[in-house]
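Residue numbers (mature numbering (1 follows the signal peptide of the UniProt record, and there is no 0)): -23 to -1, 1 to 186. Quick reminder that beta carbons are idealized off the backbone N, C-alpha and C, glycines included. What follows is one structure encoded as structure tokens, with my remarks underneath.
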């Protein structure tokens, strides 16, 4: 009886594996990019047109110097129209797509982020759809640690009304009290009407709808 049950289980797993393999077949039209080693990709965001904005710790892709931020066409080739211009010391952890085609770049902490010809000290920077920096967005000094001097920016969620929900580990954001959670207005200023009580009691790693 145990032998029969084991056979049935193995057969079911084999069929499930075959089905999953068919459902997740590689796309032959996508040319897999080569990343200059050592390098790492932190996140990738797909646009409605199939293009991918990718961020990480890399300096060259497919032999082209594109530090830390790149956009791929739907077929995997580099999008030459995307103007990166990321600073050599900038650290970009995530790139979140806004409904209007812009991108919110999220750094690891309050280290200045430089991209698209714009520098922002607070770890958040907004890019236009072509990769140029949006100078109208300024999140000020950004996050500041509460107790142990450990500060991090972990994620940002662009909202439909143009505001942005930002999470991480911090006790203040641009001078305003905010325990690991803050909402920013469309221009990057802190939304004083957003009052989530005492906030989160520990680091918030991600935020989603």
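Closest by CA to residue i, which one among the options?
| i | options | result |
| --- | --- | --- |
| residue 51 | 26, 90, 31 | 26 |
| residue 120 | 137, 158, 141, 138 | 158 |
| residue 46 | 24, 186, 71 | 71 |
| residue 63 | 93, 41, 79 | 93 |
| residue 20 | 73, 55, 150, 180 | 73 |
| residue 165 | 136, 128, 173 | 136 |
| residue 147 | 115, 134, 106, 100 | 100 |
| residue 134 | 76, 67, 6, 40 | 76 |
| residue 24 | 40, 80, 168 | 80 |
| residue 18 | 36, 98, 112 | 36 |
| residue 144 | 106, 98, 2, 177 | 177 |
| residue 58 | 88, 16, 106 | 106 |
| residue 114 | 3, 39, 180, 162 | 162 |
| residue 142 | 110, 5, 1, 185 | 185 |
| residue 138 | 40, 125, 168 | 168 |
| residue 116 | 130, 38, 97 | 97 |
| residue 86 | 2, 128, 112 | 128 |
| residue 125 | 180, 67, 6, 39 | 180 |
| residue 16 | 5, 130, 6, 39 | 39 |
| residue 130 | 3, 88, 170, 6 | 88 |
What does residue i pair with, by DSSP beta-bridge criteria?
| i | result |
| --- | --- |
| residue 23 | 29 |
| residue 160 | 142 |
| residue 169 | Paired residues: none, contrary to the question. |
| residue 34 | 17 |
| residue 55 | 49 |
| residue 149 | 121, 154 |
| residue 42 | 37 |
Quick one: measure Cβ to Cβ for residue i and residue j, integer angstroms, because I've assumed they're closer than 8 Å.
| i | j | result |
| --- | --- | --- |
| residue 182 | residue 132 | 7 Å |
| residue 108 | residue 60 | 4 Å |
| residue 102 | residue 90 | 4 Å |
| residue 140 | residue 172 | Rounded, the Cβ-Cβ distance is 14 Å, inconsistent with contact. |
| residue 156 | residue 122 | Contact flag wrong, Cβ pair sits at about 11 Å. |
| residue 43 | residue 55 | 7 Å |
| residue 118 | residue 152 | 7 Å |
| residue 31 | residue 49 | 7 Å |
| residue 84 | residue 69 | 6 Å |
| residue 112 | residue 95 | 6 Å |
By the DSSP assignment, the beta strand (DSSP E) with residue i in it spans what residues?
| i | result |
| --- | --- |
| residue 131 | 129 to 135 |
Quiz item: Which ranges does the beta strand (DSSP E) cover as unbroken runs of at least 3 residues, wholly within the region 59 to 115, from first to last along the chain?
Solution: Complete beta strand (DSSP E) runs here, min 3: 71 to 74, 80 to 83, 90 to 92, 95 to 97, 101 to 104.
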